[in-house]
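Working notes, structure below.
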Amino acid sequence: MNFDLFSGEPQQQRQEILPGAFLLRGFALPFENELLQDIQGVIAEAPPRNMVTPGGLPMSVATTSCGDAGWVSDAYGYRYSKRDALSRKNWPAMPCSFFDLARNAATTAGYKNFSPDSALINIYKVGAKMSLHQDKNERDFSQPIVSVSLGLPATFLLGGLRREDKTIRVQLVHGDVVVWGGAARLFFHSILPIKVGVHPLLGKQRINLTFRKAL
DNA sequence: AAGTGGCT
DNA sequence: GGAT
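This is how it looks when you write it as structure tokens:
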């Protein structure tokens, strides 16, 4: 945990950035070592790949998953799949460190008993981005989304229910967690192109973990 | 099927 | 279609 050097009290790092959406600054830092180790394990079993959108264009972000389902995109559309098309096996199991972090973060944001069954791992090289979209391939929108930022910083845009709604922008750095649910669950969001840089632990990349109850 | 992308 |  982060402690205030003067008071010795844990600093409150929770900020409601829009109704239902919370920024938990540095929340993942205590889990850092275990998370990085477990990410390596998942990637060894299910290598990240640049999925193709239904429109036929490759995404700039490389993606893999773990848990009971993984988010996939191909010519047939966006969906969750229980199997990795590359290995034709089930996705790797979700590491306990992933589940615990996601559940704790959701609780801290006021979403009790979050039980993610899918963790999407998005690898951003410098210049990679994620266009404005909604997370809407899940079955149950009563469960929040938990997003963990590692490595290089990113600018996160969060809007509303309509694509054309005004967006706020939030700088996300290594260890930050964003949780959105309730009224914000279907809000459009995006990541601007990652700027040139080198992170001391992760080098020239940003890794994002996104947790969902997909099934 | 696709605006999770690329163009202006 | 809008932001950059």
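Start counting the first sequence at 1; every next residue gets the next number (UniProt numbering).
Yeah, the Cβ is synthetic: ideal placement off N, Cα and C, and Gly gets one too.
Bear in mind the structure is a predicted one, so any value in this text is a computation, not a measurement.
message: Please give me, in chain order, every unbroken run of the beta strand (DSSP E) with length at least 3 that falls completely inside the segment 99 to 164.
response: 118 to 125, 130 to 133, 145 to 151, 154 to 158
- request: Assign E138 to one of two classes, buried (16 or more other C-beta atoms within 10 Å of its C-beta) or exposed (fewer than that).
  value: buried
- prompt: Where DSSP assigns a beta bridge to T64, which residues make up the other side?
  reply: I121
L152 classed as buried or exposed, judged by whether at least 16 other C-beta atoms fall within 10 angstroms: buried
- prompt: Can you name, in chain order, every residue of its own chain whose Cβ lies under 7 Å from the Cβ of D135, other than the five neighbours on each side?
  reply: I145, R212
- prompt: In three-state terms, what does DSSP make of A214?
  reply: coil
Cut-off 7 Å between Cβ atoms - residues of its own chain near A105, not counting five sequence neighbours on either side: L24, F27, V146, V177, V179
query: Would a C-beta distance cut-off of 7 Å place P92 and D38 closer than the cut-off?
result: no
- prompt: Would you say the segment 65 to 72 touches the segment 105 to 125, given that touching needs at least three Cβ pairs under 8 Å?
  reply: yes
- prompt: Under 7 Å, do L161 and L186 count as touching if we go by C-beta distance?
  reply: yes
message: For A183, tell me which candidate among M51, Q15, A21 has the shortest Cα-Cα distance.
response: When only C-alpha atoms are compared, the closest one is A21.
message: Need the endpoints of the beta strand (DSSP E) that G70 sits in, please.
response: Run containing G70: 70 to 74, per the beta strand (DSSP E) assignment.
- request: Spatial neighbours of G175 within its chain, please: CB distance less than 6 Å, with the 5 preceding and 5 following residues excluded, ordered by chain position.
  value: Same-chain partners within the cutoff: G26, A28, L29.
task: With a 10 Å radius around its C-beta and 16 neighbouring C-beta atoms as the bar for buried, classify I168 as buried or exposed.
output: Exposed is the call here.
- request: Rank F156, N33, Y111, D165 by C-alpha distance to the C-alpha of F141 and give the top, closest one.
  value: Y111
message: Is it buried or exposed, Q15, if we count other Cβ atoms within 10 angstroms and call 16 or more buried?
response: exposed
query: By DSSP, does I207 sit in helix, in strand, or in coil?
result: strand
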